[in-house]
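Read through the structure below, which is laid out as structure tokens, and then see the notes.
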Amino acid sequence: MYAMKYMNKQKCVERNEVRNVFKELQIMQGLEHPFLVNLWYSFQDEEDMFMVVDLLLGGDLRYHLQQNVRFQEDTVKLFICELALALDYLQSRRIIHRSNYLLTPIFLSGHVHITDFNIATILTKGMQVTTIAGTKPYMAPEMFNSTKPTGYSFAVDWWSLGITAYELLRGRVLYIQLHSLLFVVGFFSTVMYPAAWSKEMVSLVKKLLEPNPEERFAQLKNIQDFPYLADINWDAVLQKRIMPGFIPTKGRLNCDPAFELEEMILESKPLHKKKKRLAKKEKDTNKSYSSQVRAKERLVPTVLEIPFFAQKPTLASLQPTWLHYAKHATGFSMWANHHYGLGSDHPQPHFQL
């Protein structure tokens, strides 16, 4: 089974999100790793753009913290190793993720996967990034100083990993307001580490939360050479042969149903009504529209000028029947009417089984 992420074209145009959508697609098309939410197929129809990705039903780490799950140190240790392998893979492809790893989803087997590449960027060799992007409590100190010529690089993702590890071990999210470089450095130089944590884990987290990016653990080799992780079989980690200490409960949503239901109720263009909606739109083509609506409609086809069709080679031999239909569908609205649930009326990504 796979999940489907979809975005309404007109809303993307109205909110100037088209460039970001295709940047995310460009990045994800070239990636495939055991600890990423991988893109397998992308396509579009008259109204929406779609991405078929890995399906993870275990919820994200933040949700489980909110459910008062207490992650044991060995579990967090494995999470650090899995995410470090994913970051090393991204770094080898010169990608800075720049996101919040507490939103990392979990597979039902308990393994973590990095997702959401909508604010990721590709670093040109020999260059530094100067744009500020991300969630403030997870932003590395150098990002607050990025307007200067020095900028920042891959080390910012390892800082985010350190914040995530700290929060998982503490059992709660850090609700802090970060306003400046000095504030960040001051806060983390005085942060308290519980006595229950092993000295080795505290030392590792401190290495990830080193304010100076030149001294921070920012490569897989730093993690692998650290004595605390000397017992790790990295091949076994990569092959998911190490059993996580936390396994999400099967047979439940592993998400906040109130939030999910609210999103469903607010949907104004559900996909299961797409066939009727497109038929009505065609019927009303010759009717009068306001100049503003006409202007917006003229913009939407520009999205179609950029290729939005891709398939991972490794999926070809395992392609499920419904995905085969998606690949060859021309009258896509009828196919979507039979296979999709609720749709999206805004450009933020949504997921559908």
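Under our numbering, think of the first position of the sequence shown as 1, with each following residue one higher. In this text, a Cβ means the ideal position worked out from N, Cα and C, and glycines have one as well. Note that the coordinates shown come from a computational prediction; the quantities given were computed from them, not determined experimentally.
Residue pairing by DSSP places I80 in no beta bridge whatsoever. Where N8 is concerned, the enclosing beta strand (DSSP E) starts and stops at Y2 to N8. In the three-state DSSP reduction, W234 falls in the helix class (H, G or I).
Around the beta-carbon of L208, 16 or more other beta-carbon atoms lie within 10 Å, marking it buried. Secondary-structure assignment with DSSP links D54 through a beta bridge to Y2.
Distance from F35 to I106 at the Cβ level is roughly 11 angstroms; contact not present, criterion being Cβ atoms closer than 8 angstroms. CA-CA distance, A3 to T164, rounds to 25 angstroms.
Distance check between D116 and each of Q26, E14 and V237 places Q26 closest, using alpha-carbon atoms only. Pairing I232 with E47, the inter-Cα distance amounts to about 48 angstroms. Between the beta-carbon of V76 and that of L168 there is about 5 angstroms, and that keeps the pair under the 8 angstroms contact cut. Taking C-beta atoms as the reference points, F154 and I96 count as a pair closer than 8 angstroms. Taking C-beta atoms as the reference points, L57 and N222 fail to come closer than 8 angstroms. Three or more beta-carbon pairs separated by less than 8 angstroms are not found between the region 62-71 and the region 8-27, which leaves the two stretches without contact. For M49, DSSP records a beta bridge to M7 and Q44. For the pair of segments examined, the region 229-245 was found to touch the region 74-88: the number of CB pairs separated by less than 8 angstroms reaches three.
D116 carries a coil assignment under DSSP once its states are collapsed to helix, strand and coil.
With contacts defined as CB atoms closer than 8 angstroms, V129 and G151 qualify as a contacting pair.
Excluding residues up to 5 positions away in sequence, F154 lie with their Cβ nearer than 7 angstroms to the Cβ of Q91 in the same chain. Apart from the 5 residues on each side of it in sequence, V205 sits with its Cβ closer than 6 angstroms to the Cβ of G162, A165 and Y166 in its chain, given in chain order. The DSSP-derived three-state label of D60 is strand. K199 is positioned such that its CB atom lies no closer than 8 angstroms to that of L108.
Classified as exposed, R15 has fewer than 16 neighbouring CB atoms from the shown chains inside 10 Å of its CB. As far as DSSP is concerned, P137 takes part in no beta bridge.
The alpha-carbon separation between M201 and W158 amounts to approximately 15 angstroms. Leaving aside the five residues that flank R62 on each side, the residues in its chain whose CB is nearer than 7 angstroms to its CB run, in chain order, L102, L103 and V173. For N20, the enclosing alpha helix (DSSP H) has its first and last residue at V18 to Q29. N212 is classed as exposed because its beta carbon has fewer than 16 other beta carbons within 10 Å across all chains shown.
Put simply, of A86, N8 and S160 the residue whose alpha carbon is nearest the alpha carbon of H111 is A86.
In the three-state reduction of the DSSP assignment, Y193 falls in the coil class.
With respect to F71, F217 sits apart: the two C-beta atoms are not nearer than 8 angstroms.
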